[in-house]
Amino acid sequence: DIQMTQSPSTLSASVGDRVTITCRASQSISNWLAWYQQKPGKAPNLLIYKASSLESGVPSRFSGSGSGTEFTLTISSLQPDDFATYYCQQYNDYPLTFGGGTKVEIK
Amino acid sequence: EVQLLESGGGLVQPGGSLRLSCEASGFTFKMYAMTWVRQAPGKGLEWVSNINGRGSETYYADSVKGRFRMSRDNAKNTVYLQMNTLRAEDTAIYYCAKDACDTANCYGVDSWGQGTLVTVSS
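First to last, the protein sequences are chains S and B.
Take 1 as the starting number for the first sequence in the numbering used here and just add one per residue.
Take 1 as the starting number for the second sequence in the numbering used here and just add one per residue.
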């Protein structure tokens, strides 16, 4: 099975900060990576697919990059609505797997 | 508007069974793969199972393989998750979700239900 490792697990940041979250795969997954945002008590929301494609309706301050085994999610200027937990998920092979999550907290 | 409505969650004893249902609307159901994802209290997301549009192919997480079975009825726009031999560690919110797909591949989940809570406890 492909293991997905996110770092950091928690991140403290201020409004306006540039934030980067990393996701590493235990083997190459090409660009078959998705990023999700989840707020407490809510279902997740798709942000990025195929590593760098922005889902419709998602603000352009979110971007994704990477291929192979290393990927990043960047928020160019953190907004109050962005404080949440972020997950990566590989779609290269079954069983599909999520990373452990990165909680973005207010500094 | 895509809507996914889960039902069937509840309290069950260890070793027991439960069947979750998810009724879908707002899209051409038979054209899309569907997924179940779960989240234990205070924990991260765990992918559970996936089924293709025709219902001919299913995939499972190692943690549920042999105990859970996913199926679908395209005439009723409904997917199911039959859960047998339940364990305490299966306690979670179970989300039904629609895969995001283009003509060739699926690449994420773009719609989610509100989730249904399954509690396995004596």
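Virtual Cβ for every residue (Gly too), placed ideally from N, Cα, C.
Every value quoted in this text rests on a predicted model; they were computed, and no experiment measured them.
query: According to DSSP, residues forming a beta bridge with residue 38/S; result: 85/S
query: Separation of residue 100/S from residue 115/B, as counted between CA atoms; result: 19 Å
query: Within chain S, the residues that residue 109/B reaches when beta carbons sit closer than 9 Å; result: 34, 36, 44, 46, 89
query: C-alpha gap between residue 71/S and residue 47/B, whole angstroms; result: 20 Å
query: Limits of the beta strand (DSSP E) - the one that residue 67/S falls within; result: 62–67
query: Neighbouring residues, chain B, relative to residue 97/S (Cβ below 7 Å); result: 47
query: First and last residue of the uninterrupted beta strand (DSSP E) at residue 110/B; result: 106–112
query: Closest Cα partner of residue 35/S within the set 69/S, 55/S, 1/S; result: 55/S
query: Straight-line Cα distance separating residue 3/S from residue 26/S; result: 5 Å
query: Closer than 7 Å at the beta carbon, the chain S residues around residue 112/B; result: 43, 44
query: 8 Å Cβ cut-off: residues of chain B touching residue 100/S; result: 44
query: Residue-level contact to chain B via CB, residue 86/S, 8 Å cutoff; result: no
query: 3 or more residues per run - each beta strand (DSSP E) lying fully within the stretch 23–89 of chain B; result: 34–39, 45–51, 58–60, 68–73, 78–83
query: Chain B residues whose Cβ lies nearer than 9 Å to that of residue 55/S; result: 100, 108, 110
query: Uninterrupted beta strand (DSSP E) stretches inside the stretch 11–59 of chain S (no shorter than 3 residues); result: 19–25, 33–38, 45–49
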